[in-house]
Amino acid sequence: MTHRPLIGINMDLRASVKSRAPHSLMPTGYYDCLVTAGALPIMIPPLTRESDLLPILEKLDGLVLTGGDDLDPRKMGLSPHPSVNAMCERRELADRLLCKLVQQERITTLGIGLGMQELNVVAGGGLFVHLPEDLPKSIPHYDPHGGAHRHTVVMQPKTRLAEIYGPGEIRVNSYHHMGIRKLAPNFRTSALAPDGLIEAYEGKEPGWWVVGVQWHPENEGHISLDMQLIEAFVEAAGASRAMPALAKVG
4 MTHRPLIGIN MDLRASVKSR APHSLMPTGY YDCLVTAGAL PIMIPPLTRE
54 SDLLPILEKL DGLVLTGGDD LDPRKMGLSP HPSVNAMCER RELADRLLCK
104 LVQQERITTL GIGLGMQELN VVAGGGLFVH LPEDLPKSIP HYDPHGGAHR
154 HTVVMQPKTR LAEIYGPGEI RVNSYHHMGI RKLAPNFRTS ALAPDGLIEA
204 YEGKEPGWWV VGVQWHPENE GHISLDMQLI EAFVEAAGAS RAMPALAKVG
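In my numbering, each number is its position in the sequence shown, counted from 1, plus 3.
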């Protein structure tokens, strides 16, 4: 690869506590898997002004929207719930702005976990706040004791995810208690859990490569199935640099 795609990764934010100032951080899996796939990662702190973010995004070939704590239900017009561990308000503001800008600029995007939920909400979709109550017949999607949990997902035919993973089902890790209730109009379902919950989506527009997955491909030690998705994303990001702006917006 002569040009190594520049991939932005949004950072998490932890509020100040008695013995620690507020700080930004990122699990190493996000940038390690991108480097393995031939990309160069660029960390993006939680910036809340468009005038600060746009100059960064203009230099990037792609963006990873990372996992984290929960969206605040109140900001979606929903009731609070004791299961919700809301992220820092500054991170939510920054992430929502990022989601708005990647749609506006048609930046090649991979949303992971929380990131896929955020992008869906900002694009006009909706969420279940707590799956065990909102979808009582759902399978377990997380270990209540915080341990590892996995379940199968089924790829939908004639989708980008089916091309990447192949037809049929795969097993994925699962750590979420929120989930997609309503898919945003610009997206289509790419993968479903056995209970019918949307586990992955992709963009409908041929000129915008965007995929959201509820599982965490960066967490599994670069196993081949997870790297297939990361490599496909990096390849699409590299190809987008050569694509004229008018072609991106279709």
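From the three backbone atoms N, C-alpha and C, an ideal C-beta is built for every residue, glycine too.
Check, Outcome
"Among the candidates Thr39, Gly206, Glu202, whose CA atom is the shortest distance from the CA of Arg153?", "Glu202"
"Cutting at 6 Å between CB atoms, please list the residues of its own chain near Arg184, excluding the five before and the five after it.", "Gly129, Leu130, Phe131"
"Buried or exposed: Gly215, going by 16 or more other Cβ atoms within 10 Å of its Cβ?", "buried"
"Decide if Arg163 is buried, meaning its Cβ has at least 16 other Cβ atoms within 10 Å, or exposed.", "buried"
"What does a CB cutoff of less than 6 Å around Pro49 pick up in its chain, not counting 5 residues either side in sequence?", "Leu16, Arg93, Arg94, Ala97"
"Give the secondary structure of Asp185 by DSSP, where H, G and I count as helix, E and B as strand, and everything else as coil.", "A quick correction: the sequence has Lys, not Asp, at residue 185. Here Lys185 sits in strand by DSSP."
"Measuring CB to CB, does Met90 end up less than 9 Å from Gly116?", "no"
"If you draw a straight line from the C-alpha of Pro8 to the C-alpha of Val125, how long is it?", "26 Å"
"Could you check what DSSP says for Met46 in three-state terms: helix, strand or coil?", "strand"
"Is Ala250 helix, strand or coil when you go by DSSP?", "With a pLDDT of only 45 at Ala250, under the threshold of 50, the placement of this residue in the model should not be trusted, and no figure is reported."
"Taking the straight line between their C-alpha atoms, what separation do you get for Lys161 and Asn88?", "36 Å"
"In the segment 130-160, which residue ranges form an unbroken alpha helix (DSSP H) of at least 4 residues, counting only runs that do not cross its ends?", "134-137"
"Can you tell me whether Ala24 is helix, strand or coil according to DSSP?", "coil"
"What residue does the alpha helix (DSSP H) around Asp15 start on, and which one ends it?", "Careful: Asp15 lies outside any alpha helix (DSSP H), inside the beta strand (DSSP E) at 15-17."
"Can you round the beta-carbon distance between His144 and Gly182 to whole angstroms, since I take them to be within the 8 Å contact cut?", "7 Å"
"Could you name the residues that DSSP lists as bridge partners for Thr162?", "In the DSSP output, where bridge partners are listed per residue, Thr162 has none listed."
"Are the beta-carbon atoms of Ala194 and Ile142 separated by less than 9 Å?", "no"
"Need the endpoints of the alpha helix (DSSP H) that Leu122 sits in, please.", "117-125"
"To the nearest angstrom, how far is the alpha carbon of Leu43 from that of Gln217?", "24 Å"
"Let's see if you can read the secondary structure: which residues bound the beta strand (DSSP E) around Leu96?", "From DSSP, Leu96 is part of no beta strand (DSSP E) but of the alpha helix (DSSP H) over 92-108."
"Could you tell me which of Pro83, Arg23, Val156 sits nearest to Asp75, measuring between CA atoms?", "Pro83"
"On the DSSP letters alone, give me the boundaries of the alpha helix (DSSP H) that Glu53 sits inside.", "53-60"
"Would you mind giving the Cβ-Cβ distance between Gly32 and Asn222, rounded to the nearest angstrom? I have them listed as a contact below 8 Å.", "6 Å"
"Classify Thr111: buried if its beta carbon has 16 or more other beta carbons within 10 angstroms, exposed otherwise.", "buried"
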